[in-house]
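Colleague: As given, the protein sequences belong to chains R and B, one line each in that order. In this text, residue positions in the first sequence follow numbering that gives the first Met the number 0: the first is 0, and each later residue adds one. In this text, residue positions in the second sequence follow numbering that gives the first Met the number 0: the first is 0, and each later residue adds one.
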Amino acid sequence: MKLLRIVPDDTKFDFIRFRRISFPLSALLSLLAIGLYFFHGLNFGIDFKGGTLMEVQAKSGQADLADMRTRLADLHLGEVQLQQFGGPSEVLIRLGQQPGGEEAQNEAVAKVRNALGDAVEYRRIEVVGPRVSGELLSMGTIGVFFAIGGILIYLWFRFEWQFALGAMVANVHDLVLTLGFMSVTQIDFDLTSIAALLTILGYSLNDTVVIYDRIREMLRRYKRMPMPELLNVSINSTLSRSIITHVTVSLSLLALLLFGGQAIHSFTATMMFGVVLVGTYTSIFIASPILIYLGVAANRGSGGMAASAEDEAADVPVAVAKPAEPAPSAPESGRPAAPPAAAGKSSARRPTGRPRR
Amino acid sequence: MLYFSRWKAIGTVLTAVIVCLFMVPNFFPEATVKTWPEWAQRHLVLGLDLQGGSHILLEVDVNDVKKQRLDALLDDVRRTLRDAKAGYQGLARRGDSVEVRIRENADFPAVFAKLRELSTPLGGLAGGTGQRSLDVSDQGNRLVRLTVTSAALNERIRQVVEQSIPIIEKRINGLGLVEPTIQRQGADRILVQVPGLGDPKRLLDLLQSTAKLEFRLVDMSTSAQDALQGRTPADSEVLYEGKGGTRTPVLVEKQVLVSGAELTDAQAGFDQRTGEPIVSFRFNSAGARKFAEVTQRNVGRPFAIVLDNGPPNGPEVLSAPVIREPILGGSGQISGNFTVQSANDLAILLRAGALPAKLTPIEQRVVGAGLGQDSIDKGKIASYAGGALVVIFMLVTYGLFGLFANIAVMINVAMIFGVLSLLNATLTLPGIAGIVLTVGIAVDANVLIYERIREEVRHGRSAIAAIDAGFSRALATILDSNITTFIAAAVLFFIGTGPVRGFAVTLGIGIITTLFTAFTLTRLIVATWVRMVRPKTVPI
Numbered sequence: 000m001k002l003l004r005i006v007p008d009d010t011k012f013d014f015i016r017f018r019r020i021s022f023p024l025s026a027l028l029s030l031l032a033i034g035l036y037f038f039h040g041l042n043f044g045i046d047f048k049g050g051t052l053m054e055v056q057a058k059s060g061q062a063d064l065a066d067m068r069t070r071l072a073d074l075h076l077g078e079v080q081l082q083q084f085g086g087p088s089e090v091l092i093r094l095g096q097q098p099g100g101e102e103a104q105n106e107a108v109a110k111v112r113n114a115l116g117d118a119v120e121y122r123r124i125e126v127v128g129p130r131v132s133g134e135l136l137s138m139g140t141i142g143v144f145f146a147i148g149g150i151l152i153y154l155w156f157r158f159e160w161q162f163a164l165g166a167m168v169a170n171v172h173d174l175v176l177t178l179g180f181m182s183v184t185q186i187d188f189d190l191t192s193i194a195a196l197l198t199i200l201g202y203s204l205n206d207t208v209v210i211y212d213r214i215r216e217m218l219r220r221y222k223r224m225p226m227p228e229l230l231n232v233s234i235n236s237t238l239s240r241s242i243i244t245h246v247t248v249s250l251s252l253l254a255l256l257l258f259g260g261q262a263i264h265s266f267t268a269t270m271m272f273g274v275v276l277v278g279t280y281t282s283i284f285i286a287s288p289i290l291i292y293l294g295v296a297a298n299r300g301s302g303g304m305a306a307s308a309e310d311e312a313a314d315v316p317v318a319v320a321k322p323a324e325p326a327p328s329a330p331e332s333g334r335p336a337a338p339p340a341a342a343g344k345s346s347a348r349r350p351t352g353r354p355r356r
Numbered sequence: 000m001l002y003f004s005r006w007k008a009i010g011t012v013l014t015a016v017i018v019c020l021f022m023v024p025n026f027f028p029e030a031t032v033k034t035w036p037e038w039a040q041r042h043l044v045l046g047l048d049l050q051g052g053s054h055i056l057l058e059v060d061v062n063d064v065k066k067q068r069l070d071a072l073l074d075d076v077r078r079t080l081r082d083a084k085a086g087y088q089g090l091a092r093r094g095d096s097v098e099v100r101i102r103e104n105a106d107f108p109a110v111f112a113k114l115r116e117l118s119t120p121l122g123g124l125a126g127g128t129g130q131r132s133l134d135v136s137d138q139g140n141r142l143v144r145l146t147v148t149s150a151a152l153n154e155r156i157r158q159v160v161e162q163s164i165p166i167i168e169k170r171i172n173g174l175g176l177v178e179p180t181i182q183r184q185g186a187d188r189i190l191v192q193v194p195g196l197g198d199p200k201r202l203l204d205l206l207q208s209t210a211k212l213e214f215r216l217v218d219m220s221t222s223a224q225d226a227l228q229g230r231t232p233a234d235s236e237v238l239y240e241g242k243g244g245t246r247t248p249v250l251v252e253k254q255v256l257v258s259g260a261e262l263t264d265a266q267a268g269f270d271q272r273t274g275e276p277i278v279s280f281r282f283n284s285a286g287a288r289k290f291a292e293v294t295q296r297n298v299g300r301p302f303a304i305v306l307d308n309g310p311p312n313g314p315e316v317l318s319a320p321v322i323r324e325p326i327l328g329g330s331g332q333i334s335g336n337f338t339v340q341s342a343n344d345l346a347i348l349l350r351a352g353a354l355p356a357k358l359t360p361i362e363q364r365v366v367g368a369g370l371g372q373d374s375i376d377k378g379k380i381a382s383y384a385g386g387a388l389v390v391i392f393m394l395v396t397y398g399l400f401g402l403f404a405n406i407a408v409m410i411n412v413a414m415i416f417g418v419l420s421l422l423n424a425t426l427t428l429p430g431i432a433g434i435v436l437t438v439g440i441a442v443d444a445n446v447l448i449y450e451r452i453r454e455e456v457r458h459g460r461s462a463i464a465a466i467d468a469g470f471s472r473a474l475a476t477i478l479d480s481n482i483t484t485f486i487a488a489a490v491l492f493f494i495g496t497g498p499v500r501g502f503a504v505t506l507g508i509g510i511i512t513t514l515f516t517a518f519t520l521t522r523l524i525v526a527t528w529v530r531m532v533r534p535k536t537v538p539i
């Protein structure tokens with residue numbers, strides 16, 4: 000059987016050179032997203048804004064939106080939004096936070112029930128009072144920061160601080176862009192969105208870590224390969240995996256998006272954007288190239304100069320000037336460096352496996 | 000990496016099989032599972048969003064607790080002053096304090112000392128910290144201010160939560176609902192989760208009623224109309240009987256003769272003469288004795304049955320019948336414009352007892368059973384579709400090894416359900432999404448291994464050496480990359496509630512089972528294949 004190869008073997012794309020485009024592009028997009036967040040805003044759902052959400056279904060035929068709208072307008076409950084949801088018989092009703100504290104929210108629900116009567120079935124009623132919504136918002140925000148912090152600490156222990164920092168930049172970049180996406184699309188921002196954000200965080204890091212793992216391995220093996228090339232080889236050799244994994248995750252998400260129903264629609268749409276579009280891009284074009292600027296090369300083992308002149312040593316500005324931390328000596332870094340002359344283009348494909356066991 | 004000792008192989012397979020077996024009870028009807036031994040009964044619980052139900056977060060009304068404390072304090076101060084036979088004036092609540100002015104300078108030191116004795120050291124959790132229940136201060140000019148300390152208030156709120164939980168449980172059981180979850184949350188909150196309820200409004204009303212029942216005498220010294228005009232006797236108050244348009248004022252004495260706390264039973268029924276719904280009740284022996292005494296002394300006078308459901312309505316007179324003869328048997332009945340349902344609800348409330356303070360719902364999420372079923376159906380379709388797409392893709396990409404991966408992923412999903420069942424975990428719609436995503440992660444583990452093998456082959460290794468190296472190198476990466484996702488899932492578990500927490504649980508468990516399958520099962524499958532086939536080339 001002929002097997003599918005999405006990515007051909009031995010690709011040699013110069014991803015790192017692309018950073019001269021990807022860095023400004025990302026900076027621009029991030030600024031745009033931040034601008035959107037502040038001027039266009041997020042569409043906060045009742046979890047964070049408080050208020051009432053009711054999903055009703057007409058017991059027979061289609062729901063008469065106009066009729067419902069006039070009936071509810073007579074109640075003077077402030078801002079009332081009606082929206083077709085799923086099928087033509089289903090309507091989502093949103094009431095803003097009612098003045099008069101927790102009790103007033105419950106009274107509003109009773110009023111709506113009276114006004115709509117028995118013609119509809121109440122499929123879902125959610126009431127979130129002002130105090131709870133405030134707490135949920137702060138919990139959500141704290142949660143995201145804790146997740147970032149926790150992951151950073153883990154990466155710091157497992158890799159070196161430059162990697163953790165690079166991952167964090169990538170992380171924040173992902174979150175900012177996703178928030179921008181949510182602002183543009185005005186997707187409901189609620190507790191499930193926090194779940195989506197954290198999952199995006201996890202996935203994107205998952206990706207980043209896979210490439211970082213390879214970079215670390217390469218750093219141990221090829222002590223003299225110039226940083227940009229080393230990064231390129233690392234990204235290229237994990238490229239096939241990145242693509243295949245994203246295809247499978249996209250397939251899962253696609254199924255959820257198409258068949259999972261309205262209730263998790265915004266969740267999957269956000270994930271689709273964050274994981275598939277942003278996450279992959281970030282780990283290849285942001286998280287890896289940024290290592291050049293963070294001075295990973297400074298930590299490379301002995302073996303004389305880090306790189307010869309032709310290897311674009313200029314790309315490693317901080318490297319020589321500031322050996323930031325003593326390198327945690329790699330426990331299994333194998334034989335000393337590969338022959339210096341060959342370390343350039345050809346050595347990448349030569350099997351110089353670490354001895355194991 | 001490819002060598003497995005016999006025992007290790009057996010252990011691996013056994014673990015997987017046992018974990019998978021735990022999902023078996025989910026395929027049988029509940030009645031069948033009930034007959035199995037206890038350890039085999041563990042099964043998945045559907046979340047409220049899937050089976051329909053109510054999630055209600057109640058908060059103790061701090062103002063109600065404060066008001067109760069201050070009312071009680073007011074009574075205590077009045078009694079103390081009366082016992083000390085001291086003249087006083089202006090005894091009243093002011094904000095969060097009670098203030099009183101002692102008339103005579105000569106009385107002041109002794110009375111002040113007496114009032115200070117009202118402040119007691121706090122017991123319970125706050126005990127031992129030297130906190131006291133009251134701040135009693137001399138404001139000068141013989142004015143004494145008594146303030147309830149915040150420690151005392153918090154302690155009282157804690158008690159209210161503790162006392163309320165069993166009462167709420169009884170009330171919900173009274174409605175005939177199964178398996179409610181009632182938990183304390185934070186210092187002043189109670190989370191009530193009730194699966195599958197037809198009428199969420201009724202549940203809410205039942206939870207919000209404090210249901211303090213009191214038997215008091217009607218004050219006949221003046222008419223209720225006169226009292227409304229401002230001539231209310233000091234020991235009486237005007238309450239209303241009936242609801243809506245036909246509210247009639249009744250002048251009721253403040254003194255409580257017998258309270259609902261002394262009821263042992265209450266049942267809804269019908270009046271034998273009129274056929275109206277009524278609630279019949281029975282007192283305990285102390286209550287019965289008191290009630291007999293009171294009715295003996297007051298034949299011919301009306302008494303009022305007062306129900307206090309807390310703010311905003313306050314106490315209401317249910318009915319005010321005239322005592323025709325002494326009631327010695329300790330039982331009676333309340334009739335008062337009940338419908339069958341309201342009589343039933345009152346009986347439930349009286350049986351369960353009064354809540355110590357008002358509870359306000361601050362968050363409620365109700366899902367109808369219809370929506371729940373829809374979500375289950377959609378979740379199923381999405382899972383099957385997602386699963387099928389991934390399985391096909393893996394076959395097309397990796398052929399035989401894709402098949403291995405698919406087997407591993409299926410076992411992985413079965414193990415997730417097994418672990419979820421073992422933990423009696425709750426499956427929510429986002430939880431299903433979590434499982435679908437786990438399929439993605441689980442496949443990724445295989446992809447990492449296989450891509451590494453492909454690479455090693457390209458680097459010129461022999462088939463077996465390439466497979467071996469592929470596994471050993473990829474596993475480190477799998478561990479690193481999954482731990483980061485696991486950290487995100489853990490955070491989500493701690494901050495999330497309900498459905499979101501369900502997502503975190505399945506994602507977290509999925510990562511653990513993925514690590515297990517990648518590190519052992521997939522390796523075992525491939526190792527077995529290598530031993531049997533002795534491949535010269537790797538078919539990927």
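For glycine and all other residues, C-beta sits at the position ideal for the given N, C-alpha and C. Only a predicted model underlies this, so the values are computations on that prediction, with no experimental measurement involved.
(1) Buried or exposed: I152(R), going by 16 or more other Cβ atoms within 10 Å of its Cβ?
(2) So S236(R) contacts chain B; which residues on that side make the cut at Cβ distance below 7 Å?
(3) Name, in chain order, the residues that DSSP records as bridge partners for F53(R).
(4) Using 8 Å as the cut-off, can you tell me whether the region 405–425 of chain B makes contact with the region 185–198 of chain R, which would need three or more C-beta pairs spanning the two stretches below that distance?
(5) According to the neighbour-count rule (16 or more other Cβ atoms, all chains shown, within 10 Å of its Cβ), is I5(R) buried or exposed?
(6) Going by DSSP, what residues sit across from L212(B) in a beta bridge?
(7) How close, in whole Å, do the beta carbons of T119(B) and D134(B) come, if the pair is a contact with beta carbons under 8 Å?
(8) By the criterion of Cβ-Cβ separation under 9 Å, what are the contact partners of E159(R) in chain B?
(9) Does the region 91–100 of chain R come close enough to the region 175–189 of chain B to have 3 or more Cβ pairs within less than 8 Å?
(10) Could you say if the region 368–388 of chain B and the region 45–56 of chain B meet the contact criterion of at least three C-beta pairs nearer than 8 Å?
(11) What residues of chain R sit near Y397(B), judged by a beta carbon separation below 7 Å?
(12) Answer with buried or exposed for I539(B), where buried requires no fewer than 16 other C-beta atoms within 10 angstroms of its C-beta.
(13) Label I283(R) either buried or exposed according to how many other C-beta atoms from any shown protein chain fall within 10 Å of its C-beta, with 16 as the threshold for buried.
(14) Should T521(B) be labelled buried (16 or more other beta-carbon atoms within 10 Å of its own) or exposed?
(15) Among L491(B), A105(B), V339(B) and V321(B), which has the Cα closest to the Cα of R141(B)?
(16) Any beta-carbon of chain B closer than 7 Å to the one on P354(R)?
(17) Under 8 Å, CB to CB, which of the residues in the region 178–206 of chain R have a partner in chain B?
(18) Starting from the beta carbon of T281(R), find every residue of chain B whose beta carbon is closer than 8 Å, and list them in chain order.
(19) Tell me whether F416(B), by its Cβ, gets closer than 6 Å to a heavy atom of the ligand GDP.
(20) Cutting at 6 Å between CB atoms, please list the residues of its own chain near A73(B), excluding the five before and the five after it.
(21) Does any CB atom of chain B fall closer than 7 Å to the CB of F12(R)?
(22) Here's a check: name, in chain order, each residue in its chain whose Cβ is nearer than 6 Å to the Cβ of G544(B), leaving out the five neighbours to either side.
(23) Could you name the residues of the same chain whose beta carbon sits closer than 8 Å to that of F215(B), not counting the 5 residues immediately before and after it, in chain order?
(24) Count the other CB atoms within 10 Å of the CB of D443(B); is the residue buried (16 or more) or exposed (fewer)?
(25) Would DSSP call Y292(R) helix, strand or coil?
(26) From the DSSP output, read off the bridge partner residues of I167(B).
(27) Please confirm whether I242(R) has its beta-carbon closer than 7 Å to some beta-carbon of chain B.
(28) By how many angstroms is the C-alpha of V490(B) removed from the C-alpha of F145(R)?
(29) Assuming V298(B) and P325(B) form a contact by the criterion Cβ under 8 Å, report the distance between their Cβ atoms to the nearest whole angstrom.
(30) Pull up the distance between the alpha-carbon of G259(B) and that of K169(B), whole angstroms please.
(31) Hey, could you find the ends of the beta strand (DSSP E) I189(B) is sitting in?
(32) For Y153(R), which residues in chain B fall below 9 Å Cβ to Cβ?
(33) Is the CB of S374(B) under 7 Å away from at least one CB in chain R?
(34) Kindly indicate which three-state DSSP category E98(B) falls into: helix, strand or coil?
(35) Kindly indicate which residue of T247(R), P225(R) and R213(R) has the alpha-carbon position closest to the one of S236(R).
(36) Report yes if the CB atom of R122(R) is closer than 7 Å to the CB atom of G369(B), and no otherwise.
Modeller: Checking against the coordinates, here is how it stands:
(1) Numbered from its first residue, the first sequence carries residue 152(R) at position 153. So I152(R) counts as exposed.
(2) The sequence position of residue 236(R) within the first sequence is 237, counting from 1. Neighbours of S236(R) across chain B, judged by C-beta separation under 7 Å: E454.
(3) Stepping through the first sequence from its first residue, residue 53(R) is reached at position 54. A quick correction: the sequence has Met, not Phe, at residue 53(R). Note: M53(R) sits in a beta bridge opposite I92(R) and I124(R).
(4) Not touching, per the Cβ criterion.
(5) Walking along the first sequence from the start, residue 5(R) turns up at place 6. The residue in question, I5(R), is exposed, as its Cβ has fewer than 16 Cβ neighbours within 10 Å.
(6) As a first step, residue 212(B) must be located in the second sequence, where it is residue number 213. L306(B), per the DSSP bridge assignment.
(7) For the purposes of this step, residue 119(B) is taken as residue 120 along the second sequence, with counting starting at 1. For the purposes of this step, residue 134(B) is taken as residue 135 along the second sequence, with counting starting at 1. Contact between T119(B) and D134(B) does not hold, since their C-beta atoms are separated by about 12 Å, which reaches or exceeds 8 Å.
(8) As a working mapping, residue 159(R) is identified with position 160 in the first sequence. Simply none; closest approach about 13 Å.
(9) Fewer than three beta-carbon pairs drawn from the region 91–100 of chain R and the region 175–189 of chain B are found closer than 8 Å, and the two stretches are therefore not classed as touching.
(10) A contact between stretches requires three or more CB pairs, one per stretch, nearer than 8 Å, and the region 368–388 of chain B meets this requirement with the region 45–56 of chain B.
(11) By 1-based counting over the second sequence, the position of residue 397(B) is 398. The contacting residues are L2.
(12) Within the second sequence, the letter at position 540 stands for residue 539(B). In this structure I539(B) is buried. Its beta-carbon is surrounded by 16 or more other beta-carbon atoms within 10 angstroms.
(13) Position 284 of the first sequence, counted from the first residue, corresponds to residue 283(R). I283(R) should be labelled buried.
(14) Along the second sequence, read from residue 1 onward, the residue named residue 521(B) stands at position 522. T521(B) comes out buried.
(15) Residue numbering aside, residue 141(B) sits at position 142 when the second sequence is read from its first letter. For R141(B), the closest C-alpha among the options L491(B), A105(B), V339(B) and V321(B) is that of A105(B).
(16) The residue you call residue 354(R) lines up with position 355 of the first sequence. Low confidence applies to P354(R): its pLDDT is 45, below 50, so where it sits in the model is not reliable, and the reading given next is rough at best. Residue contact with chain B for P354(R): absent (no Cβ-Cβ distance below 7 Å to any residue of chain B).
(17) Considering only beta carbons, the part of the region 178–206 of chain R lying closer than 8 Å to chain B consists of L190, T191, I193, A194, L197, T198, L200, G201, Y202, L204, N205 and D206, in chain order.
(18) Taking the first sequence and counting its residues from 1, the one referred to as residue 281(R) is at position 282. What T281(R) touches in chain B: nothing, since even the nearest Cβ is about 14 Å away.
(19) Inclusion of the ligand GDP in the displayed structure is not the case, the ligand content being empty and no account of it being possible.
(20) Position 74 of the second sequence, counted from the start, is the residue given in the question as residue 73(B). According to the sequence shown, residue 73(B) is Leu rather than Ala. So the list reads V97, once near-sequence residues are dropped.
(21) Counting from 1 along the first sequence, the entry for residue 12(R) is found at position 13. Proximity of F12(R) to chain B, defined by a Cβ-Cβ separation below 7 Å, is not satisfied.
(22) No information on residue 544(B) is available, as it lies outside the stretch 0 to 539 that chain B covers here.
(23) The residue given as residue 215(B) occupies position 216 in the second sequence. In the sequence on display, residue 215(B) carries Arg and not Phe. The residues are V251, E252, K253, Q254, V255, L256, F302, A303 and V305.
(24) Position 444 of the second sequence, counted from the start, is the residue given in the question as residue 443(B). Classification for D443(B): buried.
(25) Counted from its first residue, the first sequence places residue 292(R) at position 293. Taken through DSSP and simplified to helix, strand or coil, Y292(R) comes out as helix.
(26) Locating residue 167(B) in the second sequence gives position 168, where the first residue counts as 1. Looking at the DSSP assignment, I167(B) forms no beta bridge with any residue, so it has no partner.
(27) Within the first sequence, residue 242(R) is the residue found at index 243, counting from 1. Residue-level contact check: I242(R) does not touch chain B, since none of the beta carbons of chain B fall below 7 Å from its beta carbon.
(28) Position 146 of the first sequence, counting from 1, holds the residue named residue 145(R). Position 491 of the second sequence, counting from 1, holds the residue named residue 490(B). So the two alpha carbons sit approximately 7 Å from each other.
(29) To locate residue 298(B), count along the second sequence from 1; it is residue 299. To locate residue 325(B), count along the second sequence from 1; it is residue 326. Going by Cβ atoms, the distance from V298(B) to P325(B) rounds to 6 Å, so yes, they are a contact pair.
(30) The count along the second sequence starts at 1 and reaches residue 259(B) at position 260. The count along the second sequence starts at 1 and reaches residue 169(B) at position 170. Cα-Cα distance, rounded: 15 Å.
(31) In the second sequence, the residue the question calls residue 189(B) occupies position 190. I189(B) -> beta strand (DSSP E) spans R188 to P194.
(32) One-based indexing of the first sequence puts residue 153(R) at position 154. Chain order gives the chain B residues near Y153(R) as D479, I482, T483 and I486, where near means a beta carbon separation below 9 Å.
(33) What you label residue 374(B) is simply residue 375 of the second sequence in a count that begins at 1. For S374(B), at least one C-beta of chain R is nearer than 7 Å to its own C-beta.
(34) Numbered from its first residue, the second sequence carries residue 98(B) at position 99. Secondary structure of E98(B) (DSSP, three-state): strand.
(35) Indexing the first sequence from 1 puts residue 236(R) at position 237. When each option's Cα is compared against that of S236(R), the closest is R213(R).
(36) Residue 122(R) sits at position 123 when you count from the first residue of the first sequence. Residue 369(B) sits at position 370 when you count from the first residue of the second sequence. Remark: C-beta atoms of R122(R) and G369(B) approach each other more closely than 7 Å.
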